[in-house]
Amino acid sequence: MSAKVKIIERKGASLAEKVYLVEVFKGMATTFSHFIRNFLDTSKLYIRHYPELKPEITARWRGRHRLTRHEDGSMKCVACFMCQTNCPAKC
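Listed below in structure tokens is the structure:
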């Protein structure tokens, strides 16, 4: 038994659809509305005064990778290759 094939014709896109002008202007309108809303009503904005007020970092945070060692001095390497990705010298 053979499958039936249905051929569907595609309609051509207009010039505005081809260059996405409508979608670009919709995105710009959304961005502009967010800007105006935040510019006029600053009560809901969260401002971080970083140099003066440092954020609280929990004890569970592990932001820096370091290679730990066993008690005998050998490295605890599990071959995750994080050393290569974190190395500033790219060695």
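Residues 1 to 91, numbered by this note's numbering, are exactly what the sequence shown covers, in order.
Built from N, CA and C at the ideal position, the CB exists for glycine as well.
Which residues does DSSP pair with ARG69 in a beta bridge?
Your numbering for residue 69 matches position 69 in the sequence shown. MET75, per the DSSP bridge assignment.
Can you give the beta carbon distance from ALA13 to VAL22, rounded, assuming they're within the 8 Å contact cut?
For the purposes of this step, residue 13 is identified with residue 13 of the sequence shown, where counting begins at 1. For the purposes of this step, residue 22 is identified with residue 22 of the sequence shown, where counting begins at 1. Contact doesn't hold; Cβ gap of about 11 Å is too wide.
Can you give the Cα-Cα distance for HIS70 and ILE57, rounded to whole angstroms?
Start at 1 with the first residue of the sequence shown, and residue 70 comes out as number 70. Start at 1 with the first residue of the sequence shown, and residue 57 comes out as number 57. Near 27 Å, if we compare the C-alpha coordinates of ILE57 and HIS70.
The alpha helix (DSSP H) that contains HIS49, what's its start and end?
Here residue 49 refers to the residue found at position 49 of the sequence shown. Here HIS49 belongs to no alpha helix (DSSP H), and DSSP marks it neither H nor E.
For ALA3, three-class secondary structure by DSSP:
Your numbering for residue 3 matches position 3 in the sequence shown. Reduced to three states, the DSSP call for ALA3 is coil.
Using three-state DSSP, classify GLY27 as helix, strand or coil.
Here residue 27 corresponds to residue number 27 of the sequence shown, with the count starting at 1. It is helical.
Span of the alpha helix (DSSP H), counted from its first residue to its last, around ALA16:
For the purposes of this step, residue 16 is taken as residue 16 along the sequence shown, with counting starting at 1. Run containing ALA16: 15-18, per the alpha helix (DSSP H) assignment.
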